[in-house]
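Counting along the sequence shown from 1, when you hit position 212 you're at 994 in this note's numbering, and nothing is skipped either side. Every residue gets a Cβ at the ideal spot worked out from N, C-alpha and C, and that includes glycine. Owing to the predicted nature of the structure, the values given are computational and were not obtained by experimental measurement. Single-structure report; data block below.
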Amino acid sequence: MAKKIIVANWKMNPASAEEAKKIFGGIKKAAAKAKGVEVVVCPPFVYLSELGSFASKLELGAQDVFYEEKGAYTGEISPVMLKKDGVKYVIVGHSERRKMGETDEIMNKKTRAGLEAGLKIIFCVGEKARDADGLYFDEVRKQIENGLKGVKSKLLEGLVIAYEPVWSVSSGGKLTPDDPESVFKMSLFIRKKLLSFGDSFARGVPILYGGSVDSSTAGEFIGKGRVQGLLVGQKSLDPEEFGKILEVASNAEAAK
């Protein structure tokens, strides 16, 4: 059975390298106890090199990437640079990046560039709002079709999908997570949309859930929601709580 993927997205936190090392060390200790789980930590760019030097038992991830290898692109970081820093995974398409004006076309360029460089891409999709008529499914469909357009079939094994409804993503305040049954319906929808890439890929691609996840909801999303992992934001900055999430995820089984 494939390992569950649990991703810690630290966003623009913490404020110092010392604090980053302390959190990272706590997560590393917790990860050593979790069985059948691949733990990916995505700190801010400035901490990648230092944390990567003692990342055994953990995988290093980045929160973004640019689509060119080098050049006059002030403030950007290339896939090659990330690879050299020991990065394995990259988050692309997060709702907080989309909110800053990044389009499906830009996400597509980043996804293809990252995969071409040998990085694993955590491609995020999710609706801004939930409606009773189910029109939000079409929003997710467009994100998938436009964001993954032109991805070479030989690179598909490097793709992970993260379903993260925007209305449930915490930015520091208290928001309500989605319910597991709805997440399961969306994961089925996503797999159906991915059939154009081949039946084997559509059935096997890992789908994660993100959106105000904590230790009290993690098991339900993996169990009833039948996802293959979680994308954790705010709670990943608390090693004790994140350790509980890892423990719950390690023991959770998808509902039959």
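Check, Outcome
"Run of the alpha helix (DSSP H) containing residue 813, from where it starts to where it stops", "799-813"
"Residue 922: first and last residue of the uninterrupted alpha helix (DSSP H) it sits in", "918-929"
"Presumed contact (8 Å Cβ cut-off) between residue 990 and residue 787, rounded CB distance", "6 Å"
"Unbroken alpha helix (DSSP H) run spanning residue 986, endpoints", "981-986"
"Neighbour-count burial assignment, residue 985, 16 or more Cβ in a 10 Å radius", "exposed"
"Of the residues 832, 1007 and 961, the one placed nearest residue 912, counting alpha carbons only", "961"
"N- and C-terminal bounds of the beta strand (DSSP E) containing residue 842", "841-844"
"Nearest-angstrom beta carbon gap, residue 943 and residue 872 [assumed within contact, 8 Å]", "The pair is not a contact, with the Cβ atoms about 14 Å apart (cut-off 8 Å)."
"CB contact flag (residue 948, residue 910, <8 Å)", "yes"
"Per DSSP, the bridge partner or partners of residue 1000", "In the DSSP output, where bridge partners are listed per residue, residue 1000 has none listed."
"The stretch 919-935 contacting the stretch 894-906, beta-carbon criterion three pairs below 8 Å", "yes"
"Residue of 816, 826, 798 and 839 minimising C-alpha distance to residue 1031", "816"
"Three-state class that DSSP yields for residue 855 in the structure shown", "coil"
"Simplified DSSP assignment, three categories, for residue 965", "helix"
"Anticipated Cβ contact below 8 Å, residue 933 with residue 885, distance rounded", "Going by Cβ atoms, the distance from residue 933 to residue 885 rounds to 17 Å, so no, they are not a contact pair."
"Inter-residue spacing [alpha-carbon to alpha-carbon] between residue 979 and residue 798", "43 Å"
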